[in-house]
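K.L.:
Line by line, the protein sequences give chains A and B. Per my numbering, residue 3 is the first one in the first sequence, and the count goes up by one each step. Per my numbering, residue 482 is the first one in the second sequence, and the count goes up by one each step. Glycine included, every Cβ here is placed at the ideal spot set by N, Cα and C. Small disclaimer: the values here were computed from a predicted structure and weren't measured.
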Amino acid sequence: MGLTDKVNFPQPAKFILNWGRKYSLWVMNFGLACCAIELIAASTSRHDFIRLGVIPVAHGPRQADMLVVAGTLTDKMAPALKRVYEQIPEPKYVISFGSCSNCGGPFWDSYSVTKGVDQIVPVDVYVPGCPPRPEALLEGILLLQERIGKESLKEHYARREVAEPEPAFTSTVPIVVGGGSITDTSIRDE
Amino acid sequence: MTPDEIASHLTEATGAIERSEVAHGEVSVWVPNDKWVEVATHLRDCGRCHFDFPTFLTAVDMEDQGFEIVLHMYSVRRQHHVNVKTQVARDAARLPTLSGVWNGMNWCERETWELFGVDFIGHPNLVKLLLPVEFEGFPLRKDFLLMTREAKEWPGMKEPAEVEH
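1) In chain B, what lies closer than 8 Å to A:D120 by C-beta?
2) State whether the stretch 5-21 of chain A contacts the stretch 49-58 of chain A, with contact taken as three or more CB pairs (one from each stretch) at a distance under 8 Å.
3) Is the beta carbon of A:C102 sitting closer than 8 Å to the one on A:C37?
4) Would you say B:T629 reaches chain A, if we count a Cβ-Cβ gap shorter than 8 Å as a contact?
5) Can you tell me which of the three DSSP states B:E486 falls into?
6) Looking at B:L596 and B:L621, is the spacing between their C-beta atoms short of 8 Å?
7) In chain B, what lies closer than 8 Å to A:W110 by C-beta?
8) Give the residues of chain A in contact with B:P613, contact being defined as C-beta atoms less than 7 Å apart.
9) Cα-Cα, which of A:P176, A:P93, A:L69 is closest to A:A160?
10) Which bits of chain A does B:F625 rub up against, with CB to CB less than 8 Å?
11) Against chain B, does A:K2 count as a neighbour if the rule is that its beta carbon must be under 8 Å from one of theirs?
12) Spell out the partners DSSP gives B:R575 in its beta bridges.
13) Since I believe A:M30 is in contact with A:V86 (beta carbons under 8 Å), could you give me their beta-carbon distance rounded to a whole number of angstroms?
14) Name the chain A residues whose beta carbon is nearer than 8 Å to that of B:P620?
15) Can you tell me where the beta strand (DSSP E) with B:Q568 in it begins and where it stops?
16) Within 8 Å, do at least three Cβ pairs link the stretch 499-517 of chain B to the stretch 540-547 of chain B?
17) May I have the straight-line CA-CA distance separating A:F17 from A:R149, to the nearest angstrom?
18) Please name the residue, chosen from A:T6, A:V129, A:Y95, A:L83, that lies closest to A:L34 on a Cα-to-Cα basis.
19) Could you work out which residues of chain B lie near A:K117, taking near to mean beta carbons separated by less than 9 Å?
20) Which whole runs of the alpha helix (DSSP H) in the stretch 11-82 of chain A are 4 residues long or more, in chain order?
21) Bridge partners for A:V127 per DSSP, in chain order?
22) Need the endpoints of the alpha helix (DSSP H) that A:T116 sits in, please.
23) Is it buried or exposed for A:S47, if we count other Cβ within 10 angstroms and need 16 for buried?
24) So A:V179 and A:E141 are in contact, right, with Cβ under 8 Å, and what is the actual spacing, rounded?
25) From which residue to which residue does the alpha helix (DSSP H) around B:M628 run?
26) Alpha carbon to alpha carbon, what distance is there between A:R64 and A:S26?
27) By the three-class DSSP mapping on this structure, what secondary structure does B:H523 have?
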């Protein structure tokens, strides 16, 4: 990781570095259900998240900056998600897209569905909806970019090292599209 | 054959039909456990039946009355359906396998075995198909405890079973 995890850059250098990072987000699409279709719709010409600097479909997790979990994660699939997440190089970000990946959604009391991907990987932005419209993902991306623009990479890495051994965690205070907090049950259970 | 003709044909030819019922344009016949394979073999081999496409096999949890094993079949040539059913006891849920009659029953029986805990005697490869190998219990049995429900009340206004459609 070189200098970025040791030194707090002066503000102009930080601005330039983060400006470059936030407009080049290669996305790893972890599409599991119908939400993945909305994610694909967001990448195509009508909604077009490429204009925000999000580049669809990295060639693999090792080339990606951002993971979008879109759909119903089952307990059997969970180890694969963890593995994909661990393959993404730092700094990495996770968007949990849709009710299923936020909290299990309509499969809340199923025997096979994981109730929230935040039990497996740290989540930066939650996008509620069943499924959310592509605009909701655009909003989530804008909020994530705002966070990337402000953050200090040194603090980012320091927080990751502390947070990593925890079994269930979120990377930092998570963002919920449309306001509210993730402890607010009305959003989790939507 | 029409549903009624299938029912009377099977009653005459196999002599193993306990009762039959026509619903939604399809006939259901109930057979005893020990005639399960025999009736299935007849359905495959008889020229009038010619059931060449076993659509699926599953179980229904009848609680006190055990499990009802349901086999849905279709004949592509004759274009008719039949549903064959048999009841097994809850504490002795076992049945001879049909995977020797139709190879396609192999996976259906594995699925029924892992989800309902019905044992298929003579099955060549009775291992988990859909569930993770470490999964314990039979999730589609009505007495299976859902851990989320144990931890928290149902957050909706009504239970799914109470909603009128």
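P.N.:
This is what the structure holds:
1) Stepping through the first sequence from its first residue, residue 120 of chain A is reached at position 118. Within chain B, no residue has its beta carbon less than 8 Å from that of A:D120; the closest one is some 15 Å off.
2) No: fewer than three Cβ pairs fall under 8 Å.
3) Against the first sequence, residue 102 of chain A aligns to sequence position 100. Against the first sequence, residue 37 of chain A aligns to sequence position 35. Judged by beta-carbon spacing, A:C37 lies within the 8 Å limit of A:C102, meaning their Cβ atoms are closer than that value.
4) Here residue 629 of chain B refers to the residue found at position 148 when the second sequence is read from its first residue. With a threshold of 8 Å between beta carbons, B:T629 makes contact with chain A.
5) For the purposes of this step, residue 486 of chain B is taken as the residue at position 5 of the second sequence. Here B:E486 sits in helix by DSSP.
6) Position 140 of the second sequence, counted from the first residue, corresponds to residue 621 of chain B. Position 115 of the second sequence, counted from the first residue, corresponds to residue 596 of chain B. Yes, Cβ-Cβ distance for B:L621 and B:L596 is below 8 Å.
7) One-based indexing of the first sequence puts residue 110 of chain A at position 108. Within 8 Å Cβ-Cβ: T629, P636.
8) Position 132 of the second sequence, counted from the first residue, corresponds to residue 613 of chain B. D77, K78, listed in chain order.
9) Start at 1 with the first residue of the first sequence, and residue 160 of chain A comes out as number 158. A check of alpha carbon separations from A:A160 across A:P176, A:P93, A:L69 identifies A:P93 as the nearest.
10) Position 144 of the second sequence, counted from the start, is the residue given in the question as residue 625 of chain B. Those within 8 Å of B:F625 in chain A are Y113.
11) As shown, chain A starts at 3 and ends at 192. That puts residue 2 of chain A outside it, with no answer to give.
12) Translated into positions along the second sequence, residue 575 of chain B becomes position 94. Bridge partners of B:R575: B:D600.
13) Position 84 of the first sequence holds residue 86 of chain A. Position 28 of the first sequence holds residue 30 of chain A. Rounded, the Cβ-Cβ distance is 7 Å, consistent with contact.
14) As a working note, residue 620 of chain B is residue 139 in the second sequence. Within chain A, the residues Y113, S114 have their CB atoms less than 8 Å from the CB of B:P620, given in chain order.
15) One-based indexing of the second sequence puts residue 568 of chain B at position 87. First-last of the beta strand (DSSP E) with B:Q568: 562-569.
16) Not touching, per the Cβ criterion.
17) If you number the first sequence from 1, residue 17 of chain A lands on position 15. If you number the first sequence from 1, residue 149 of chain A lands on position 147. Between the alpha carbons of A:F17 and A:R149 lies a distance of about 12 Å.
18) Here residue 34 of chain A refers to the residue found at position 32 of the first sequence. Measuring C-alpha to C-alpha distances from A:L34 to each of A:T6, A:V129, A:Y95, A:L83 identifies A:L83 as the nearest.
19) Residue mapping note: residue 117 of chain A aligns to position 115 of the first sequence, counting from 1. Simply T629.
20) With a minimum length of 4 residues, the continuous alpha helix (DSSP H) runs that stay inside the stretch 11-82 of chain A are 13-24, 37-45.
21) Taking the first sequence and counting its residues from 1, the one referred to as residue 127 of chain A is at position 125. Answer by DSSP bridge pairing, in chain order: A:I97, A:I177.
22) By one-based count along the first sequence, residue 116 of chain A stands at place 114. Judged by DSSP secondary structure, A:T116 falls outside any alpha helix (DSSP H); it is assigned neither H nor E.
23) As a first step, residue 47 of chain A must be located in the first sequence, where it is residue number 45. When all chains shown are included, A:S47 counts as exposed.
24) By one-based count along the first sequence, residue 179 of chain A stands at place 177. By one-based count along the first sequence, residue 141 of chain A stands at place 139. Correct: roughly 5 Å between the Cβ atoms.
25) In the second sequence, counting from the first residue as 1, residue 628 of chain B sits at position 147. It spans 628-632 - the alpha helix (DSSP H) in which B:M628 sits, taken as one unbroken run.
26) Here residue 26 of chain A refers to the residue found at position 24 of the first sequence. Here residue 64 of chain A refers to the residue found at position 62 of the first sequence. Those two C-alpha atoms are separated by around 15 Å.
27) Indexing the second sequence from 1 puts residue 523 of chain B at position 42. Residue state for B:H523 is assigned as helix, using DSSP reduced to three classes.
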